[in-house]
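For reference, the structure is listed below as structure tokens.
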Amino acid sequence: MAPERFIYVVDDDPAIRRSLERLLDAVGFQVASYETPKAFLDVAGSLLGGCVLLDLRMPEMDGFEVQARLQLINPGLPVIVVTAQGDVQTAVRAMKAGAVDFIEKPYSDDALITAIESALKNSATKGRVDEIAAAAALINTLSPRERQVLEALVAGQPNKVIAFGLGISVRTVEVHRSRMMDRLGVHQFAEAVRLLVLASFAERA
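Here the sequence shown is numbered in UniProt numbering, starting from 1 and rising by one per residue.
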């Protein structure tokens with residue numbers, strides 16, 4: 001099997017590692033699991049392709065430090081980070097640090113596999129130029145108010161705080177959020193966050 005079909009799982013929880021090994025093996029990936037960041041980083045420089053599935057919350061070394069070291073050792077290896085549900089700021093920080101995507105716990109098998117396939121495809125094409133451009137185009141379809149609401153939500157503000165800051169009602173914030181999700185064509189808020197972060201890369205270019 002080609003090396004780009006390898007998935008490298010870095011997670012200190014043995015039950016999660018076993019579960020991922022079974023799932024990914026069943027859909028045709030080759031999986032190598034690492035209990036500690038050190039065990040992974042010791043071999044990371046020799047890995048020729050594939051994708052890293054990285055838990056951010058580990059006792060020995062957090063995922064951000066692993067990302068930083070991997071950028072020096074093997075910068076071409078795409079990373080998907082695993083975050084706690086609703087931890088938007090962590091996900092944004094991870095993507096800005098170089099992760100190609102993030103998955104929220106608890107995640108569905110389909111969402112995980114879709115993210116992996118996308119990461120492998122983008123790695124094979126040497127970049128995310130098209131994906132970034134598409135995200136920017138979608139974000140640009142939002143009204144100014146919808147974008148304000150999205151950016152405030154990504155900043156971690158609750159609806160009441162957003163409503164006060166914009167001088168609108170909480171109900172109006174909820175309406176703008178719903179319309180924003182519809183315009184972006186997403187069903188989960190995590191997907192909207194990902195699009196906004198990708199679009200920010202286009203704005204910096």
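Ideal Cβ positions, reconstructed from N, Cα and C, are used throughout, including at glycine.
Discussion item. I need the straight-line Cα distance from residue 138 to residue 198, nearest angstrom please.
Written reply: Cα-Cα distance, rounded: 11 Å.
Practice prompt. Tell me whether residue 55 sits in a helix, a strand or coil according to DSSP, three-state version.
Written response: It is a strand residue.
Item to complete: Tell me, please, which residues DSSP counts as bridged to residue 6.
Response: For residue 6, which the question treats as bridged, DSSP gives the partners 30.
Worksheet entry | 7 Å Cβ shell around residue 18 - same chain, five flanking residues per side excluded | Leaving aside the five residues that flank residue 18 on each side, none in its chain has a CB nearer than 7 Å to its CB.
Item to complete: For the region 132–148 and the region 84–98, state whether three or more C-beta atom pairs, one from each stretch, are separated by less than 8 Å.
Response: Result no; under three Cβ-Cβ pairs closer than 8 Å.
Practice prompt. Check each candidate in 46, 98, 88 and 50 and name the one with the smallest Cα separation from residue 66.
Written response: Looking at 46, 98, 88 and 50, the one whose alpha-carbon comes closest to that of residue 66 is 98.
Item to complete: Decide yes or no for the touch test of the region 111–119 against the region 87–95: beta carbon pairs closer than 8 Å, at least 3 of them.
Response: Contact fails: fewer than three Cβ-Cβ distances are below 8 Å.
Worksheet item: If you check the beta carbons only, do residue 37 and residue 79 fall under 8 Å apart?
Response: No, the pair does not count as a contact, with Cβ atoms beyond the cut-off.
Worksheet item: In chain order, what residues of the same chain lie with their CB nearer than 7 Å to the CB of residue 3, ignoring the 5 residues before and after it?
Response: With a pLDDT of only 48 at residue 3, under 50, the local geometry of the prediction cannot be trusted, and no value is derived from it.
Worksheet item: residue 88 by DSSP, collapsed to three states: which one?
Response: Looking at residue 88 - three-state DSSP - the assignment turns out to be helix.
Worksheet item: Taking C-beta to C-beta, are residue 8 and residue 56 nearer than 8 Å?
Response: In this structure, the beta-carbon distance from residue 8 to residue 56 does not fall below 8 Å.
Item to complete: Can you give me the Cβ contacts of residue 190 inside the same chain, cut-off strictly under 6 Å, excluding the 5 residues immediately before and after it?
Response: The answer, listed in chain order, is 104.
Practice prompt. Go through its chain and collect everything with a Cβ distance to residue 13's Cβ below 8 Å, but skip five positions before and after it.
Written response: Contacts found: 55.
Discussion item. Mapping the DSSP letters down to three states, classify residue 219 as helix, strand or coil.
Written reply: This structure does not reach residue 219, given that the chain is present from 1 up to 205, and the question cannot be answered.
Practice prompt. Kindly indicate the opening and closing residues of the beta strand (DSSP E) around residue 130.
Written response: Run containing residue 130: none in the beta strand (DSSP E); it sits in the alpha helix (DSSP H), 129–139.
Item to complete: Kindly give me the distance between the Cβ atoms of residue 173 and residue 159, rounded to whole angstroms, as I take these residues to be in contact under 8 Å.
Response: Taking C-beta atoms under 8 Å as the contact rule, residue 173 and residue 159 qualify, at a distance of about 5 Å.
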